[in-house]
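**Q**
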Amino acid sequence: MALGVQNREVSRYENIWSDVLLTVKEVLKNPQTYDAYFGQSQLLRIEEKKAVISSRNEIIAEVVEEHYGSLILNILKRKAKLDISEIHFETVALPPKPIIEVVKPVEKKQEEIHHETEVVNIHQFYDEYRFENFVVGDSNQMAYHAALSVAEAPGMTSFNPLTIYGKTGLGKTHLMQAIGHFAKDENTADKVYYITAFDFLQRFMDFLHTKRDIPAFHKEFEDVDILLIDDIQFLAKKDKTQECFYTIFSKLINMNKQIILTSDRLPEEIPHMQERLISKFKSGLTVDIKPPKLKTRMSILKKKANSDNVQLSNEVLKFMASQVTTNVRALEGLFTKVLAHSIFANKEMDIEAVKELLTDFNRERKERITIELIQNTVAEFFEISANQLRAHTRKRAVAYPRNIAIYLSRTLTKQALRTIGLQFGGRDYSTVIYACKKIEEEIAQKQETSKIVDQLKAIIAG
Ligand code: ADP
Ligand code: MG
Numbered sequence: 001m002a003l004g005v006q007n008r009e010v011s012r013y014e015n016i017w018s019d020v021l022l023t024v025k026e027v028l029k030n031p032q033t034y035d036a037y038f039g040q041s042q043l044l045r046i047e048e049k050k051a052v053i054s055s056r057n058e059i060i061a062e063v064v065e066e067h068y069g070s071l072i073l074n075i076l077k078r079k080a081k082l083d084i085s086e087i088h089f090e091t092v093a094l095p096p097k098p099i100i101e102v103v104k105p106v107e108k109k110q111e112e113i114h115h116e117t118e119v120v121n122i123h124q125f126y127d128e129y130r131f132e133n134f135v136v137g138d139s140n141q142m143a144y145h146a147a148l149s150v151a152e153a154p155g156m157t158s159f160n161p162l163t164i165y166g167k168t169g170l171g172k173t174h175l176m177q178a179i180g181h182f183a184k185d186e187n188t189a190d191k192v193y194y195i196t197a198f199d200f201l202q203r204f205m206d207f208l209h210t211k212r213d214i215p216a217f218h219k220e221f222e223d224v225d226i227l228l229i230d231d232i233q234f235l236a237k238k239d240k241t242q243e244c245f246y247t248i249f250s251k252l253i254n255m256n257k258q259i260i261l262t263s264d265r266l267p268e269e270i271p272h273m274q275e276r277l278i279s280k281f282k283s284g285l286t287v288d289i290k291p292p293k294l295k296t297r298m299s300i301l302k303k304k305a306n307s308d309n310v311q312l313s314n315e316v317l318k319f320m321a322s323q324v325t326t327n328v329r330a331l332e333g334l335f336t337k338v339l340a341h342s343i344f345a346n347k348e349m350d351i352e353a354v355k356e357l358l359t360d361f362n363r364e365r366k367e368r369i370t371i372e373l374i375q376n377t378v379a380e381f382f383e384i385s386a387n388q389l390r391a392h393t394r395k396r397a398v399a400y401p402r403n404i405a406i407y408l409s410r411t412l413t414k415q416a417l418r419t420i421g422l423q424f425g426g427r428d429y430s431t432v433i434y435a436c437k438k439i440e441e442e443i444a445q446k447q448e449t450s451k452i453v454d455q456l457k458a459i460i461a462g
């Protein structure tokens, strides 16, 4: 019953919001502007006197709030007769789409039945994460071709499981979901099951604690043809869940069902991952995705510009692509920012305008990164507590991570030496300088340290 009430509310909000959008559309005139700012937006809920509206990302939310906030508020008050005094934006990562529950057509006669592929958790799929939207370059072509092969012939190649690993923001989820889209569009599987390892863990725990019915949990995966598990590094140290996963995994592989995994590092480098699981992963194909080269980054930007119908000169594309080097997600963030401003200023973005925007972009990125964030990330990475980083022990197991954290605080934030020292247990600024020097030397001399620092930077950059 509660669900019924909730659904009624949702459709009431939908009605109100489509009224608002009609008016906004009239006011804005320019359909491009309208799409950029209001396409896919929704009225999520009303809390007392506040209307909460979804937005694709923070930049868009900011622009909409600043420039159209009072317009929206006015329409809500006057047209929808709502007693509202403020609006608030919430970033919704996934464009909210109706959940497509594919119900098999039971009434049809046997010979007429066309099995549409069922995709479990399709509401977590991005519609754009398709093969045709993926730019192939040196850094990802192995992964791309392997993914395409298993999508075409799931369970029939030796790429089983297919494990795609690489740092964050390089297209692992994109490729994985492309396999799901392909299987659905081309009907190469009857049932595709997508789940993040994090959700898998949660669901399993749920079954364990409330239902105490592990077999029922296993049963969910029984008739799956393609199993996609995203970010398996979240299974680190989770012994019971790993055991359960092992059972499901073995069963499916034995039945020649296709499994695809993604991970932010090589599976054997995931801490506390059971040996037998790792050897199962290794029996298939493991491919990595590396950061794309400049040429590929430019192609990615060009593709986005084309699909968003904007003109950006080669000079501008090259400049943008040269600014963000290690993370495609961040590159897209920059693109969105440039797009928003170009639409808003209603002019083509020249190199000067982009340079100016970029100063803001880098500043915002720097401000988001705090010493605390660095301490927590480094502590987690080395499996120590953040308190130990601030304490005064000199054991190498702590001193080394501490020096790295200090070095990262110095290079990734704008904090003064003194502030950094204070936040690391009230150390002197000369200690900070010493730690930075030491790590700089190690980066130059030891591959191990340079690799760790790179990994940490990527995690912190999100
Ligand atoms: P990961 O799962 O590795 O963290 P995602 O798959 O979420 O990364 O990718 C981050 C963003 O970058 C997504 O919007 C994705 O579409 C985009 N992206 C990554 N690689 C490519 C590529 N080669 N071509 C086009 N877009 C890409
Ligand atoms: Mg991902």
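In terms of our numbering, the sequence shown opens at residue 1 and continues consecutively.
In this text, a Cβ means the ideal position worked out from N, Cα and C, and glycines have one as well.
Keep in mind that this is a model prediction, so the values were computed, not measured.
1) Within the continuous beta strand (DSSP E) that includes ASP230, where are the two ends?
2) For SER55, which residues does DSSP report across the bridge?
3) What residue range does the alpha helix (DSSP H) around GLU348 cover?
4) Check whether the Cβ of THR168 lies closer than 7 Å to any heavy atom of ligand 1, and answer yes or no.
5) Hey, is THR262 close to ligand 2, as in C-beta under 7 Å from one of its heavy atoms?
6) Indicate the three-state DSSP secondary structure (helix, strand or coil) for ASP288 in the structure shown.
7) Do LEU294 and MET320 have their CB atoms nearer than 8 Å?
8) Output yes or no for whether 8 Å exceeds the beta carbon distance between ILE195 and ALA147.
9) In the DSSP assignment, find the unbroken alpha helix (DSSP H) run with LYS257 in it and report its ends.
10) Helix, strand or coil for VAL103? Go by DSSP, reduced to three states.
11) Looking at the strands, I want to know which residues DSSP matches up with TYR194.
12) Output yes or no for whether 8 Å exceeds the beta carbon distance between GLU550 and LEU44.
13) Tell me where the alpha helix (DSSP H) around ILE374 begins and ends.
14) Straight-line CA distance for THR241 to HIS272?
15) Is the beta carbon of ILE232 closer than 8 Å to that of ALA197?
16) What residue range is occupied by the uninterrupted beta strand (DSSP E) comprising THR163?
17) Go ahead and pull the three-state DSSP assignment for LYS237.
18) Is it true that the CB of PHE159 sits closer than 8 Å to the CB of SER149?
19) Which residues bound the beta strand (DSSP E) around LEU44?
20) Name the one or two DSSP bridge partners that LYS50 has.
21) Suppose you measure from the CA of GLU65 to the CA of HIS88; what does that come to, to the nearest Å?
22) For SER263, write down the residues that DSSP places opposite it in a beta bridge.
23) Report whether the distance from the Cβ of LYS172 to the nearest heavy atom of ligand 2 is below 7 Å.
24) Say the cut is 7 Å; is the CB of ARG329 nearer than that to a heavy atom of ligand 1?
25) How close, in whole Å, do the beta carbons of VAL63 and ALA340 come, if the pair is a contact with beta carbons under 8 Å?
26) Cβ of ASP127 versus every heavy atom of ligand 2: is any distance shorter than 7 Å?
27) Where do the N-terminal and C-terminal ends of the alpha helix (DSSP H) with VAL119 fall, by residue?
28) With burial defined as no fewer than 16 other Cβ atoms inside 10 Å of the residue's Cβ, what is the status of GLY169: buried or exposed?
**A** In short:
1) 226-230
2) THR91
3) That residue, GLU348, is in no alpha helix (DSSP H); it is neither H nor E in DSSP.
4) THR168 has its Cβ nearer than 7 Å to a heavy atom of ligand 1.
5) yes
6) strand
7) no
8) Taking the C-beta atoms as reference points, ALA147 is found no nearer than 8 Å to ILE195.
9) No alpha helix (DSSP H) contains LYS257, which DSSP labels as neither H nor E.
10) Because VAL103 sits at a pLDDT of 40, beneath the cut-off of 50, its placement in the model cannot be relied upon, and the following sentence gives the value as read from the coordinates. Correct three-state label for VAL103: coil.
11) LEU228
12) The requested residue 550 is not part of the displayed model; the chain covers only 1 to 462.
13) Counting along the chain, the alpha helix (DSSP H) containing ILE374 begins and ends at 371-382.
14) 12 Å
15) yes
16) Counting along the chain, the beta strand (DSSP E) containing THR163 begins and ends at 162-165.
17) coil
18) yes
19) 43-47
20) LYS50 pairs with GLU47, GLU86.
21) 8 Å
22) TYR165
23) yes
24) In terms of side-chain proximity, the C-beta atom of ARG329 is found nearer than 7 Å to a non-hydrogen atom of ligand 1.
25) 6 Å
26) no
27) Unbroken run through VAL119 is the beta strand (DSSP E), 118-120; no alpha helix (DSSP H).
28) buried
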